[in-house]
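Throughout the sequence shown, residue numbering follows the numbering used here, covering 56 to 243 in sequence. Built from N, CA and C at the ideal position, the CB exists for glycine as well. Quantities reported herein were computed from a predicted structural model and do not represent experimental measurements. So the structure is just underneath, and the comments pick up after that.
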Amino acid sequence: MGRRSARPKVETTLADACGAGSPLWAPWRSAYITRARRGQERCIFCVSHLSAAARRRRFILCADKIYLVMLNRYPYNAGHLLVAPRRHVSSPELLGREERSALAEAVTGAVVRLRAALHPAGFNLGANLGQAAGAGFAGHLHWHIVPRFAGDANFMPAVAGIRVISQHLAETFRVLAPRFAGSDGPIS
Ligand SMILES: [Zn+2]
Numbered sequence: 056m057g058r059r060s061a062r063p064k065v066e067t068t069l070a071d072a073c074g075a076g077s078p079l080w081a082p083w084r085s086a087y088i089t090r091a092r093r094g095q096e097r098c099i100f101c102v103s104h105l106s107a108a109a110r111r112r113r114f115i116l117c118a119d120k121i122y123l124v125m126l127n128r129y130p131y132n133a134g135h136l137l138v139a140p141r142r143h144v145s146s147p148e149l150l151g152r153e154e155r156s157a158l159a160e161a162v163t164g165a166v167v168r169l170r171a172a173l174h175p176a177g178f179n180l181g182a183n184l185g186q187a188a189g190a191g192f193a194g195h196l197h198w199h200i201v202p203r204f205a206g207d208a209n210f211m212p213a214v215a216g217i218r219v220i221s222q223h224l225a226e227t228f229r230v231l232a233p234r235f236a237g238s239d240g241p242i243s
């Protein structure tokens with residue numbers, strides 16, 4: 056019997072994208088994860104009274120009284136969004152029915168807008184509950200929306216670098232912001 060040749064991995068699960076198999080190589084995340092777990096990072100989701108300039112600085116695409124949508128500053132991939140409730144809660148069962156419903160709509164809306172703006176081939180969607188599951192900010196529930204592109208697991212190492220990523224974030228924000236225009240309410 057001949058040797059079986061190694062089969063290339065053609066599918067990536069959310070767990071893979073978030074570190075379990077690491078086909079998406081995102082070394083810039085390690086320092087941030089370490090700081091967040093030591094409690095050295097303020098909660099990035101608890102924000103109030105943001106000016107338009109501050110929102111651009113924080114890459115917040117939309118926010119209303121129930122949820123906000125922002126670019127992940129330490130992305131797994133181009134267009135990686137985070138959707139979080141405004142309330143600092145750690146798990147979905149701590150949300151009210153209205154919040155759960157609004158957040159589900161927000162996740163769906165983010166997928167629709169990313170599809171229209173970036174034309175990804177697929178998505179990884181999900182949330183990590185607790186540090187054991189890989190959450191950087193375990194105290195504040197948030198959903199990851201990670202667009203996937205053909206060949207992205209090979210592409211990202213070639214462009215890795217904090218400077219490149221920060222330029223990419225500003226450009227991604229510029230592309231996505233109009234898609235979210237008018238979808239938010241006043242930040243309180
Ligand atoms: Zn918070």
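Which of helix, strand or coil DSSP assigns to residue i
i: Pro202; result: strand
i: Leu192; result: Strictly speaking, residue 192 in this sequence is Phe, with Leu absent from that position. Three-state result, Phe192: coil.
i: Ala225; result: helix
i: Leu231; result: helix
i: Leu149; result: helix
i: Ala187; result: helix
Extent of the continuous beta strand (DSSP E) to which residue i belongs
i: Gly164; result: Segment Arg152 to Leu173 is the alpha helix (DSSP H) holding Gly164; no beta strand (DSSP E) there.
i: Tyr122; result: Tyr122 to Leu126
i: Phe178; result: Gly177 to Gly181
Sequence-distant residues of the same chain with beta carbon closer than 7 Å to residue i, five excluded per side
i: Ser146; result: Leu184 and Leu196
i: Arg62; result: Unreliable positioning characterises Arg62 in this predicted model, as indicated by a pLDDT of 42, which lies under 50. The coordinate reading is nonetheless provided below. Excluding residues within five positions, none has a Cβ falling inside 7 Å.
Closest by C-alpha distance to residue i, when choosing among the options
i: Met125; options: Ala205, Gln186 and Arg168; result: Arg168
i: Arg170; options: Leu123, Pro202 and Ala232; result: Pro202
i: Val17; options: Ala133, Ala109 and Cys98; result: Here the chain covers residues 56 to 243 and nothing more, so residue 17 does not appear.
i: Leu224; options: Pro130, Leu123 and Ala236; result: Pro130
i: Arg112; options: Ala193, Phe228, Phe204 and Phe192; result: Phe228
i: Cys101; options: Phe235, Glu160, Leu123 and Gly164; result: Leu123
i: Cys117; options: Gly206, Glu148, Ala165 and Arg152; result: Ala165
Host alpha helix (DSSP H) of residue i (start-end)
i: Ala139; result: That residue, Ala139, is in no alpha helix (DSSP H); its beta strand (DSSP E) goes Leu136 to Pro140.
i: Ala108; result: Ala107 to Arg113
Neighbourhood of residue i by C-beta distance below 6 Å, restricted to the same chain and skipping five residues each side
i: Glu154; result: Ile121 and Pro140
i: Leu180; result: Ile200
i: Pro233; result: none
i: Phe204; result: Pro175 and Ala176
i: Asn127; result: His135 and Leu137
Beta-carbon proximity list for residue i, same chain, < 8 Å, skipping 5 on both sides
i: Leu150; result: Pro140, Arg142, Val144, Leu158 and Leu196
i: Val162; result: Val138, Leu180, Trp198 and Ile200
Exercise. Can at least three beta-carbon pairs, one atom from the stretch 174-186 and one from the stretch 95-108, be found at a separation below 8 Å?
Worked result: no
For this session: Count the CB pairs spanning the stretch 134-152 and the stretch 196-207 that are closer than 8 Å, and state whether there are at least three.
Result: yes
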